Amino acid sequence: MSGGELVRRRVGLATTGAPEFQNRVNTILALASLPIVAAACVLALEPVGAQSTPTAAARPEERTVERLDIDDAGLPFAISELSRGSVDGLHLGIEEIITEKRADSATRVPRFSLHLERKTVRETLDALCARDPRYVWSVDGYTLNVYPRATTSDASCFLNLQVEHIELKDAADPYAALGALFEQHPEQQIGYAQAGGDPSYSAPWTVTLERLTVRQLINRVAEHMGPRTCWTWHGIKTERMFAFWKGGYFAPRD
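Residues in the sequence shown are numbered consecutively from 5, following our numbering.
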């Protein structure tokens, strides 16, 4: 499929989004093949409409992970295990390596075993990225972003594109932001999936967000779901998608 399009895959739940996309339910994703990108620096952007920037004592990366046991699994699975632990105030954004086809990801993910006790989130993420050096991590507001190292320097890629101004009115959940995002970047094809749980906000959210990247936008709308949240960007080049969770999420071992 050529040109930009916002499409979605529904897995057991109703979806939300801009009205013009309401009739595209259960559509197989057809997405652009641009690689993803992440900022290399540690950011300190205040989460608009969610929380103020945490103090040094309260920063999520300095909180303690009581125990993490990984047996012969890949980094995405390890991050999902971290997300489902007992770390209060943990917000994670995980960008998996986008491959040409599904077989690529299954054969190239390094598997490792790792057993940690009473380490900080920072130490835990350092250890995980050391086991799979294809990945790095950084901090943006309350969110800890894990992303492919190879994407850090390409400012033209989707997740590092600039969003100068975006308005959400009575947004029910973070998926509502994707319709507004598509309006600003109609050349992009944006996929998303509701794969489990209820990502709804506690009340309709009206907010104006300015001068941030796509990644930071997704961080802000995910943080607003509640005290512990996750979002992922995953798939293959023809089926890339966002997903959002309150609390933790589950990823396959590969």
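For every residue, glycine included, the Cβ atom is placed at its ideal position computed from N, Cα and C. This one's a predicted model, so the numbers in the text were calculated from it and none came from an experiment.
Looking only at its own chain, which residues have a Cβ that is under 8 Å from the Cβ of residue i, when we skip the five neighbours before and after it?
| i | result |
| --- | --- |
| residue 148 | 64, 65, 94, 95, 96, 97, 125, 129, 141 and 142 |
| residue 104 | 240 and 241 |
| residue 70 | 89, 90, 121 and 122 |
| residue 231 | 92 and 93 |
| residue 131 | 118, 120 and 123 |
Less than 7 Å between C-beta atoms, sequence neighbours within five positions excluded: which residues of the same chain meet that for residue i?
| i | result |
| --- | --- |
| residue 196 | 12, 179, 182, 245, 246 and 247 |
| residue 84 | 252, 253, 254 and 255 |
| residue 257 | 77, 78 and 81 |
| residue 214 | 168 and 169 |
| residue 201 | 249 and 250 |
| residue 176 | 20, 204, 205 and 208 |
| residue 133 | 139, 140 and 141 |
Assuming residue i and residue j are in contact, meaning their beta carbons sit under 8 Å apart, how far apart are those beta carbons, in whole angstroms?
| i | j | result |
| --- | --- | --- |
| residue 236 | residue 226 | No, residue 236 and residue 226 are not in contact; Cβ-Cβ is about 10 Å, not under 8 Å. |
| residue 153 | residue 138 | 6 Å |
| residue 228 | residue 205 | 6 Å |
| residue 164 | residue 219 | 6 Å |
Looking only at its chain, what residues have a beta carbon closer than 6 Å to the beta carbon of residue i, apart from the 5 residues adjacent to it on each side?
| i | result |
| --- | --- |
| residue 80 | 100 and 255 |
| residue 239 | 245 |
| residue 51 | Here the model assigns residue 51 a pLDDT of 39, short of 50, so the residue's position is not dependable, and the following value carries that caveat. Taken in chain order, the residues that qualify are 145, 146, 224 and 227. |
| residue 73 | 119 |
| residue 216 | 167 |
| residue 114 | 136 |
Run through the DSSP bridge pairs and tell me what residue i is partnered with.
| i | result |
| --- | --- |
| residue 251 | Its beta-bridge partners do not exist; DSSP assigns none. |
| residue 98 | 150 and 236 |
| residue 188 | None; residue 188 has no bridge partner. |
| residue 71 | 121 |
| residue 216 | 167 |
| residue 244 | 239 |
| residue 139 | 152 |
| residue 77 | 116 |
| residue 211 | 172 |
| residue 158 | Answer by DSSP bridge pairing: none, since residue 158 is not bridged. |
| residue 103 | 240 |
| residue 144 | 147 |
Does the structure place the region 233-252 close enough to the region 115-123 that three or more beta carbon pairs sit under 8 Å?
The region 115-123 vs the region 233-252: no contact.
Can at least three beta-carbon pairs, one atom from the region 168-177 and one from the region 206-216, be found at a separation below 8 Å?
Note that the region 168-177 touches the region 206-216; at least 3 beta-carbon pairs, one per stretch, sit closer than 8 Å.
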